[in-house]
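In our numbering, the protein residues as written are 93 to 806. Notes to accompany the following structure.
Quick look at the structure:
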């Protein structure tokens with residue numbers, strides 16, 4: 093909780109989950125061993141009845157109230173996401189939901205889920221779905237119940253820990269949220285439970301020392317671990333082992349009443365926290381997340397500071413006390429329910445139905461986003477270009493420019509020198525007329541394309557065909573578009589900000605009978621820098637081998653021209669800040685020179701403007717003042733300017749073309765998010781496929797002559 097409340101010095105506070113898993117494995121397995129030893133069986137039905145009474149009542153209240161408060165404060169476009177997460181939490185599969193989100197680059201990252209903390213409960217219950225039955229089967233006719241269980245646990249620990257060590261560096265999200273990589277932590281607690289008779293023989297004078305060592309181990313993990321720690325993996329050994337040491341000390345039959353352990357862990361306030369730990373855990377996270385959203389929504393400009401954090405802490409404590417006294421403790425200790433286990437199952441079924449009903453209601457009910465305004469289609473770029481031809485816009489000598497129908501087959505005699513390509517230069521390009529007009533638009537039109545609720549699905553064929561790769565170390569060789577039988581080949585290389593231009597490039601390639609090869613992967617830059625992805629929670633070590641595979645594939649396919657593009661805000665693994673402009677100055681020159689040496693003409697597609705938040709969500713909250721959502725001055729705009737400047741200094745002496753989308757989409761420092769009835773951005777920073785298709789003629793004007801010249805020169 094201290095970690096979630098952003099207390100300083102708690103960068104590794106996420107290890108609290110590991111402590112919880114070990115304690116849970118110890119306590120539950122101790123109860124199962126005691127029952128198996130005492131009665132020679134385990135009443136599995138009664139076991140799950142107790143789990144229902146212990147977990148579901150207060151969990152249901154928290155989830156339902158989270159749905160109600162969430163509907164009041166969270167942006168309407170995020171209601172369906174919250175509903176899905178609440179339903180997954182009720183069914184104890186939220187860890188799978190959040191693991192999938194962690195590997196989905198299209199998932200919104202604006203607001204963390206207020207029920208994300210339920211993932212640990214899902215892991216725990218998935219483990220206990222099979223653990224009692226495994227103990228029953230594994231101890232059948234066993235002379236030593238503890239010995240047999242210990243053998244089973246050792247196998248579970250070995251398999252799960254190996255999975256955690258192997259998969260965490262390469263599958264961070266699934267490893268963090270997965271049962272397969274967390275079971276060993278529960279198993280370690282279970283192993284201690286099998287050894288409790290032996291541990292109880294620890295001399296009491298050592299108990300205090302062991303407790304101090306264990307607390308120190310957990311403290312070291314909390315202080316030294318951070319967001320860059322590869323976790324769980326091998327790093328989880330420290331908090332898990334430290335917790336085990338404390339539990340081992342606790343098995344001591346007698347403890348000196350003056351020992352440090354009694355002086356700290358058994359203080360009254362610690363006992364209060366321990367008794368209400370479950371309620372505190374359930375309440376604190378939605379209070380923090382929904383509190384931050386409400387503060388931002390109802391008090392614009394306010395920041396989440398110490399006062400707000402203290403208020404949230406007091407509210408959490410109050411809700412936990414009420415939940416413990418009125419719901420959690422009375423139901424858990426109910427003798428009526430204890431004597432009739434079937435009523436516990438009725439209680440559990442009713443709880444799940446109630447939560448699922450709340451989730452369905454949240455999904456079904458939709459707030460009215462209509463404004464009553466219908467906007468006209470934006471001015472066609474093709475018509476604009478036809479009406480106002482720019483005499484100096486064609487950088488290619490007229491004698492080398494070919495028509496779109498003949499460029500693929502025209503041959504130049506061997507005595508004719510190859511054409512000299514004048515690089516694309518948009519430094520003085522004017523903004524598009526429709527974009528200038530869009531600055532006056534203040535209201536979201538009802539005929540917006542794509543609609544705000546459909547924006548996140550407005551993707552190009554690079555996505556729907558599976559050619560936008562994730563976590564791959566080699567390229568796909570079947571992502572060939574345009575004219576597959578063309579004699580000339582253009583490649584699109586980069587991350588998701590390269591993929592967003594697919595529709596326009598595919599149209600241009602088909603018109604000119606060129607092949608188009610898509611070589612894009614989420615989070616992988618074209619320049620040779622190691623990146624970190626905050627959403628996946630890992631360093632993208634796979635990008636290096638993938639880049640090498642791209643280079644080899646470009647040569648094998650005899651690519652004539654490659655369009656290079658990447659998101660300027662990708663995070664560098666070193667420091668986890670945006671890749672600086674200096675990295676472009678260092679790594680871009682050798683890349684361009686090497687491509688040229690391979691006979692491949694490079695063209696840089698600059699980055700698009702970067703909104704400060706998810707545009708659809710911002711527009712939903714500001715339907716009559718949409719200029720609030722326009723990318724403008726700020727850190728993101730400065731980054732775009734600095735990186736573009738660094739790239740410009742590299743490409744000018746090398747005569748490499750640089751396409752500047754910001755010249756089309758911005759007027760000065762204002763970049764409208766709605767042009768006519770077209771939505772410019774589909775999420776936090778990607779262009780919508782609809783706007784890219786509209787921009788195709790503008791891209792054709794600057795890139796088409798270069799393609800024609802290359803085709804004419806072969």
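Think of the CB as a built atom: it goes at the ideal place given N, C-alpha and C, for glycine as much as any other residue.
By a C-beta neighbour count over all protein chains shown, 10 Å radius and 16 as the cutoff for buried, is residue i buried or exposed?
i	result
residue 219	buried
residue 696	buried
residue 247	exposed
residue 524	buried
residue 757	buried
residue 325	buried
residue 752	buried
residue 669	exposed
residue 431	exposed
residue 434	exposed
residue 306	buried
residue 608	buried
residue 260	buried
residue 210	buried
residue 625	buried
residue 457	exposed
residue 159	buried
residue 674	exposed
residue 222	exposed
residue 366	exposed
residue 416	buried
residue 368	buried
residue 133	exposed
residue 539	exposed
residue 381	buried
According to DSSP, which residues form a beta bridge with residue i?
i	result
residue 749	695
residue 609	572 and 583
residue 767	770
residue 656	585 and 696
residue 759	762
residue 273	Its beta-bridge partners do not exist; DSSP assigns none.
residue 664	623
residue 560	612
residue 779	773
Distance check for residue j and residue i, CA to CA, integer angstroms please.
i	j	result
residue 102	residue 140	35 Å
residue 740	residue 519	9 Å
residue 296	residue 333	20 Å
residue 587	residue 659	7 Å
residue 107	residue 655	44 Å
residue 228	residue 130	13 Å
residue 763	residue 212	42 Å
residue 477	residue 759	18 Å
residue 455	residue 171	6 Å
residue 271	residue 783	42 Å
residue 360	residue 241	35 Å
residue 541	residue 736	30 Å
residue 299	residue 337	9 Å
residue 268	residue 396	27 Å
residue 529	residue 726	23 Å
residue 475	residue 579	30 Å
residue 145	residue 706	41 Å
residue 731	residue 661	8 Å
Excluding five sequence neighbours on each side, which residues of the same chain lie with their C-beta closer than 7 Å to the C-beta of residue i?
i	result
residue 245	279, 282, 283 and 286
residue 550	542, 774, 780, 781 and 782
So, for residue i: in the same chain, excluding its five sequence neighbours on each side, which residues have a beta-carbon less than 8 Å away from its beta-carbon?
i	result
residue 318	103 and 104
residue 786	470, 473, 767 and 770
residue 237	125, 128, 129 and 231
residue 642	567, 585 and 611
Using a Cβ-Cβ cut-off of 6 Å (strictly less than) and excluding sequence neighbours within five positions of residue i, which residues of its own chain qualify?
i	result
residue 777	702
residue 459	168
residue 552	594, 595 and 781
residue 790	473 and 756
residue 180	186 and 189
residue 253	276
residue 412	368, 371, 372 and 375
residue 772	765 and 783
Which full runs of the alpha helix (DSSP H) of 4+ residues lie inside the stretch 429-481, going along the chain? 433-456 and 473-479
Quick one: which unbroken alpha helix (DSSP H) runs of 4-plus residues sit fully inside the stretch 675-736? Chain order, please. 707-713
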